[in-house]
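Asker: By numbering that gives the first Met the number 0, the letter at position 165 of the sequence shown is numbered 164, and the numbering carries on one by one without gaps.
Backbone N, C-alpha and C define an ideal beta-carbon position, used for all residues, glycine too.
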Amino acid sequence: MTSSSLTSSWAVCGIAAAAARFVPVPLLDDVIRERATRVAVLRTVRAHGRDLPADALAPLWGEREGQASGLRRRLRGAPARLLLFPVRKYTALFGAVRGVPTDVMRVVLLARTVDRRLDRGELAGVDRLPEQARALRRAVDEAIDEMDLRLLTAALGEVLSQSRDLTTAAVAYVRRRSSAPDADPAADPDLEPGADDPLADGAQRVSEVLRRPDVAELLARFDRQVDAHLSAGG
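(1) Output the distance between the C-alpha atoms of alanine 46 and alanine 35, rounded to the nearest integer angstrom.
(2) Run through DSSP, which three-state label would leucine 51 get?
(3) Give me, in chain order, the residues of the same chain whose beta-carbon lies closer than 6 Å to that of threonine 101; leave out the 5 immediate sequence neighbours on both sides.
(4) Report the three-state DSSP secondary structure of leucine 229 (helix, strand or coil).
(5) Apart from the five residues just before and just after arginine 211, which ones in its own chain have a Cβ nearer than 8 Å to its Cβ?
(6) Does the beta-carbon distance from serine 160 to phenylalanine 93 come in below 8 Å?
(7) Report the rounded CA-to-CA distance for proline 129 versus aspartate 114, giving the unit in angstroms.
(8) Spatial neighbours of alanine 134 within its chain, please: CB distance less than 7 Å, with the 5 preceding and 5 following residues excluded, ordered by chain position.
(9) Identify which residue in Glu145, Ala19 and Thr43 has its Cα closest to the Cα of aspartate 118.
(10) Could you tell me if alanine 168 is buried or exposed, where buried requires 16 or more neighbouring beta carbons within 10 angstroms of its beta carbon?
(11) Does DSSP put leucine 56 in a helix, a strand or coil?
(12) How far does the alpha helix (DSSP H) with glutamine 161 in it reach, from first residue to last?
(13) Answer yes or no: the CB of arginine 136 versus the heavy atoms of the ligand NAD, is any distance below 7 Å?
(14) Applying the criterion that 16 or more other CB atoms from any shown protein chain within 10 Å of the CB defines a buried residue, is arginine 254 buried or exposed?
(15) Going by the beta-carbon positions, is the gap between proline 58 and valine 125 smaller than 8 Å?
(16) Given a cut-off of 8 Å, decide if leucine 165 and glycine 201 are closer than it, judged by their beta-carbon atoms.
(17) Between which two residues does the alpha helix (DSSP H) holding glutamate 33 run?
(18) Is the beta carbon of aspartate 28 less than 8 Å from the beta carbon of arginine 20?
(19) Please state the DSSP three-state secondary structure of glutamate 141.
(20) Measure the CB-CB distance between leucine 122 and aspartate 213 and report whether it falls below 8 Å.
(21) What do you reckon, are the CB atoms on alanine 10 and valine 205 nearer than 8 Å?
(22) Could you check if arginine 127 is buried or exposed, using at least 16 other CB atoms within 10 Å of its CB as the buried criterion?
(23) Please state if the CB of alanine 91 and the CB of valine 40 are separated by a distance shorter than 8 Å.
(24) From the DSSP output, in three-state form, read off valine 208 for me.
Following this line, the structure appears as structure tokens:
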């Protein structure tokens with residue numbers, strides 16, 4: 000059974016990925032989302048006591064197959080550029096902004112799927128890791144595209160709109176984490192924010208959504224869809 004702290008970490012990473020929509024620095028939204036997803040995946044891997052090479056797992060958080068981009072070039076200049084923008088008071092409700100619930104959902108569903116497959120003893124063998132990571136990412140993306148997940152995104156949007164000051168806190172977190180050198184994601188104290196932190200409140204609300212019976216049923220169908228794609232892919 001997945002620990003509550005790991006689920007909370009996924010939620011914080013999902014919120015961080017969605018915060019990219021509020022960062023007024025051109026071309027860095029993909030950079031922020033990739034880094035947030037990377038932390039979610041590596042934190043999950045470490046929670047299973049596995050020490051897998053991040054480079055081999057990179058297809059899980061990199062750009063979708065078939066998409067061409069200069070993301071790698073943008074990554075090099077990201078920290079300095081993020082330091083240039085101020086964190087101000089945001090009036091927009093986080094969950095009410097178009098696309099935010101979907102951004103959070105994508106990170107959570109991917110990390111949750113990695114967790115499930117690790118539970119089964121998969122993602123093993125360093126030589127095959129990149130291939131397995133690509134197949135897993137493709138299966139998750141296809142399941143998201145095919146399924147009607149509006150129940151989940153609507154629930155996430157509702158609860159994330161109830162967290163006071165979450166937008167400002169999320170952007171501040173992204174600026175702080177993205178402007179610093181890459182650190183060990185398993186030792187990141189920001190993934191366990193204090194009880195009074197809006198990030199903690201938002202993460203708790205996301206975790207509560209995932210435990211709802213109707214959402215749990217939807218997630219079970221999602222799991223079956225992902226597994227079917229993986230089986231079909233051999």
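Answerer: Concretely, from the data shown:
(1) 17 Å
(2) coil
(3) Thr152
(4) helix
(5) Ala154
(6) yes
(7) 17 Å
(8) Leu229 and Gly232
(9) Thr43
(10) buried
(11) helix
(12) Glutamine 161 -> no alpha helix (DSSP H), and no H or E assigned at all.
(13) As for the ligand NAD, it is missing from this structure, which has no ligand bound.
(14) Limits of the chain in this structure are 0 at one end and 233 at the other, which puts residue 254 out of reach.
(15) no
(16) yes
(17) 28 to 46
(18) yes
(19) helix
(20) no
(21) yes
(22) exposed
(23) no
(24) helix
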